Amino acid sequence: MNAPMTPPKTPSESRYVVLDAPPRRLRDILLRWEVILVILLAATIVVNTLVSPYFLDVFNLADATFNFSEKAIIALGMALLILVRQIDLSVAAIVALASMGIGYAAEAGYGPMALFAIAIGIGVLCGVFNGILVTWFRLPSIVVTIGTMSLFRGITQVILGDQAKTKYPPEFLELGQSYFIKMKETSIPWLFVPPLPLSFLIFLILALLFGLFLHRTASGRKLFAIGSNPVAARFSGIPVDRLTFLLFVVSGALCGLAAALLTARLGSMRSNIGIGWELDIVTMVILGGVSIAGGVGSILGVVLAVFVLGLVTFGMSLNNIPGQVVSVYIGALLIAVIALPRIVDKIRIPRRG
Amino acid sequence: MTALLKNREFALALILVVTVAGIGAYQPVFLEWRNISDLLTETSVLFMMALAQMVVIITRGIDLSVAANLALSGMLAALVSQYYPETPLVLMILAGVVSGLVLGMVNGVLIAFLGIPPIVMTLGTLAVFRGLIIIIAGGDQVNASEMGVAFQAFPKMVFLGLTTPVWIAIIVSALFWVFLNLTRAGRGLYAVGGNPVAARYCGIDQRRQELMAYAITGAVSGLCGYLWVARYGVAYSEIANGYELTVIAACVIGGVSIGGGVGSVAGTLLGALFLGIVMTALPVMQISPFWQMAISGAVILTAVIINARAERRPDKLILPEARRLKRV
């Protein structure tokens, strides 16, 4: 005879009853943002493979990553900022300023490592400037970064005028224009090392680091706390301003890194380099499920969104669809993905009057 | 006197007068009527767009799609002029306005009734509207030679020394002033933005107010779309690219609080005028136009810092000692 399994009954001393979380149902899992994105990604791959025979080609796919990796690197920093209810619209302008720094440093004869360091240094300085204005002066970040966006790109225009910077050391260009890891085939046909550009490799490594930081460390948890309720977070002893400041600096540093990769890839720069990127990057982050109201989001979601956007763009360009028509689909996708769960909610839960 | 100086609009106007006087002292040609008239004509679209954006920002929203709306509605008006040249001018302008209104209402309905965050929604429609221009125009642009004569002549007409766009801006500004200050719906916008919960308890329908705000912004963008296309004599997909940020900058300089509930017609007009002066004064001062962006960036930052000082509310802290700990 088995003893009946009875839960140990301890008399509750609290006035409150703590219930266990309700069991996960299939619907909850299916409605998770990341799952929606995986389905979208799968649909994108299937449709593109059916439409174009050139889509599922290792080298084509590797080349496609060139076009979104730099933005994706910046999106990681943007994701953390949006998570804590901030935003950085000056990212593209920081890219321009850092890229100009590289241009002048390259003419002065610096090597590739120094050029990367200079770009990241400029990015950090810009991030510090944004961070001070937001945390010290307590200004809304959307306004501050609209201002610094004009300021940073304006400085680039003032210094550069209508010139272009086109002289770079060949080793630097090599970093941006060739595969960092070369294709290696093994005896098994489906097992191989894919060719990877440096920018994509850096994005993958950074995504992993950011994911570990955000989801596996105490500091990462603190960001969620700040995003959910900054006042409560402050009262819980979380250094809200210090962390916010650091996130702006990180965002700036990532912009510097992206600027170096972009400049190396293009091999030239003008003052309008990367213009309009801020909106593409914010789109990546929001499609990735990071709530603009703060406190909700995951790095996995952002990475998936980056792939969805990258592959949709790549697939459409394979079919000669012009860039601005692609943007119609991306804009509509963004709205649809945000709107659909809300419509489902409206239908399922009758509104209270 | 100090009370007058603390008044934001007055302070801004004073700064403007000093700036203009300074530029005029250096280059008297800047103060000639012809130049001032040009300046006003050049800035008229920014005046209206900034007022419209202000209405949205007052409700705690933001509309990033205004410039794309302007370009799409302008293209529609231009296409009407190209393919149906017999259409009366009023109907062509109306085509732009109605197109803008409909596009604005798309934003408004999804934001107000589905609760999509405004910045997300309008970021999406920004991309969609820009792409639609390519689709409806078949990737082509409409040139001056393809638009009607009356279509292009209207914005260049002069009444009493001012061009029609300036007169339209004056009328639109007056309407905005009446609407925001004297009508129940207009006051409701401030209520919704200032304190949505209190507004709800007062029986103000937040969703209706929001829808109205985006519809107004859309209609004004459509009107400006016509003016833009007709004045510059060309319609293509890149028109007014990035202009949404200039418009928001004008609002910010004019003292509109991004947190909602604060903003005045006079302040916003002055903010737009300031940007207009910066843009037109540079060539007169023989400064390279490349300075324009850096200067407007510096002006925006200065303006927000000053505005934030003016409207800072005391923090809710339980102990005065805690004030020391506030900044970590």
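So the sequence lines, in the order shown, correspond to chains A and B. Under this note's numbering, the first residue of the first sequence is numbered 44, with each subsequent residue one higher. Under this note's numbering, the first residue of the second sequence is numbered 2, with each subsequent residue one higher. We treat Cβ as the ideally placed atom computed from N, Cα and C, and that holds for glycine. Please read all numbers here as calculations on a predicted model, not as lab measurements.
Cα separation between residue i and residue j?
| i | j | result |
| --- | --- | --- |
| residue 102 of chain B | residue 223 of chain B | 7 Å |
| residue 396 of chain A | residue 192 of chain B | The predicted position of residue 396 of chain A is uncertain, since its pLDDT is 44 and thus under 50; a value taken from the coordinates is nonetheless stated next. Rounded to whole angstroms, residue 396 of chain A to residue 192 of chain B spans 21 Å at the Cα level. |
| residue 19 of chain B | residue 333 of chain A | 46 Å |
| residue 389 of chain A | residue 45 of chain B | 42 Å |
| residue 329 of chain B | residue 287 of chain A | Bear in mind that a pLDDT of 40 at residue 329 of chain B, under 50, signals an unreliable position, so the model cannot answer this. |
| residue 296 of chain A | residue 117 of chain A | 9 Å |
| residue 193 of chain A | residue 176 of chain A | 15 Å |
| residue 221 of chain B | residue 380 of chain A | 29 Å |
| residue 367 of chain A | residue 119 of chain B | 22 Å |
| residue 151 of chain B | residue 26 of chain B | 40 Å |
| residue 405 of chain A | residue 197 of chain A | Absent from the structure is residue 405 of chain A, since the part of chain A shown begins at 44 and ends at 396. |
| residue 47 of chain B | residue 353 of chain A | 35 Å |
| residue 324 of chain A | residue 34 of chain B | 45 Å |
| residue 44 of chain A | residue 247 of chain A | Confidence in residue 44 of chain A is poor, its pLDDT being 47 and thus under 50, which makes the residue's placement unreliable; the coordinate value appears in the next sentence. In a straight line, the C-alpha of residue 44 of chain A is about 56 Å away from that of residue 247 of chain A. |
| residue 382 of chain A | residue 213 of chain B | 20 Å |
| residue 359 of chain A | residue 298 of chain B | 36 Å |
| residue 173 of chain B | residue 71 of chain B | 16 Å |
| residue 210 of chain A | residue 346 of chain A | 34 Å |
| residue 140 of chain B | residue 149 of chain B | 20 Å |
| residue 60 of chain B | residue 78 of chain A | 34 Å |
| residue 164 of chain A | residue 199 of chain A | 16 Å |
| residue 80 of chain B | residue 144 of chain B | 10 Å |
| residue 58 of chain B | residue 148 of chain A | 42 Å |
| residue 9 of chain B | residue 256 of chain B | 7 Å |
| residue 4 of chain A | residue 282 of chain A | It is not possible to answer for residue 4 of chain A, since the shown part of chain A is limited to 44 through 396. |
| residue 274 of chain B | residue 252 of chain B | 11 Å |
| residue 292 of chain A | residue 253 of chain A | 15 Å |
| residue 316 of chain A | residue 243 of chain B | 14 Å |
Which of the three DSSP states, helix, strand or coil, is assigned to residue i?
| i | result |
| --- | --- |
| residue 224 of chain A | strand |
| residue 345 of chain A | helix |
| residue 235 of chain A | strand |
| residue 144 of chain B | strand |
| residue 65 of chain B | coil |
| residue 158 of chain A | helix |
| residue 333 of chain A | coil |
| residue 182 of chain A | coil |
| residue 312 of chain A | strand |
| residue 114 of chain B | helix |
| residue 208 of chain A | strand |
| residue 282 of chain A | coil |
| residue 240 of chain A | strand |
| residue 329 of chain B | A caution first: residue 329 of chain B carries a pLDDT of 40, below 50, which makes its placement in the model unreliable, though a value can still be read off. Three-state result, residue 329 of chain B: coil. |
Name the residue from the options whose alpha carbon lies nearest to the alpha carbon of residue i.
| i | options | result |
| --- | --- | --- |
| residue 77 of chain B | B/55, B/298, B/240 | B/240 |
| residue 143 of chain A | A/310, A/361, A/339 | A/310 |
| residue 28 of chain A | A/337, A/344, A/319, A/339 | Residue 28 of chain A falls outside the range modelled here, since chain A spans only 44 to 396, and no answer is possible. |
| residue 374 of chain A | A/158, A/189, A/360, A/356 | A/356 |
| residue 130 of chain A | A/369, A/384, A/322 | A/322 |
| residue 358 of chain B | B/288, B/233, B/196 | This structure cannot settle anything about residue 358 of chain B, because the visible part of chain B is limited to 2 through 329. |
| residue 284 of chain A | A/84, A/387, A/376, A/173 | A/173 |
| residue 140 of chain A | A/151, A/240, A/167 | A/167 |
| residue 98 of chain A | A/362, A/298, A/308 | A/362 |
| residue 43 of chain B | B/307, B/163, B/132 | B/163 |
| residue 1 of chain B | A/377, A/371, A/385, A/384 | Any question about residue 1 of chain B goes unanswered here, given that chain B covers just 2 to 329. |
| residue 225 of chain A | A/260, A/236, A/232 | A/236 |
| residue 177 of chain B | B/40, B/38, B/51, B/94 | B/51 |
| residue 94 of chain A | A/364, A/212, A/238 | A/364 |
| residue 306 of chain B | A/275, A/159, A/188 | A/188 |
| residue 221 of chain A | A/108, A/274, A/256 | A/108 |
| residue 86 of chain A | A/351, A/289, A/185, A/378 | A/351 |
| residue 86 of chain B | B/132, B/123, B/153, B/107 | B/153 |
| residue 175 of chain B | B/270, B/228, B/138 | B/270 |
Measure the Cβ-Cβ separation of residue i and residue j and say whether it is below 7 Å.
| i | j | result |
| --- | --- | --- |
| residue 170 of chain B | residue 49 of chain B | yes |
| residue 69 of chain B | residue 127 of chain B | yes |
| residue 162 of chain A | residue 303 of chain A | yes |
| residue 120 of chain A | residue 294 of chain A | yes |
| residue 242 of chain A | residue 191 of chain A | no |
| residue 337 of chain A | residue 270 of chain A | yes |
| residue 82 of chain B | residue 100 of chain B | no |
| residue 97 of chain B | residue 226 of chain B | yes |
| residue 307 of chain A | residue 216 of chain A | yes |
| residue 180 of chain B | residue 189 of chain B | no |
| residue 208 of chain A | residue 327 of chain A | no |
With 7 Å as the threshold, decide whether the Cβ of residue i is near any Cβ in chain C.
| i | result |
| --- | --- |
| residue 382 of chain A | Although the question refers to chain C, the structure presented lacks it and instead comprises the protein chains A and B. |
Legend entry - Inter-stretch contact (C-beta, 8 Å, three-pair minimum) for the segment 256 to 266 of chain B and the segment 199 to 209 of chain A: Contact check between the segment 256 to 266 of chain B and the segment 199 to 209 of chain A: fewer than three CB pairs, one atom from each, fall below 8 Å, which does not count as touching.
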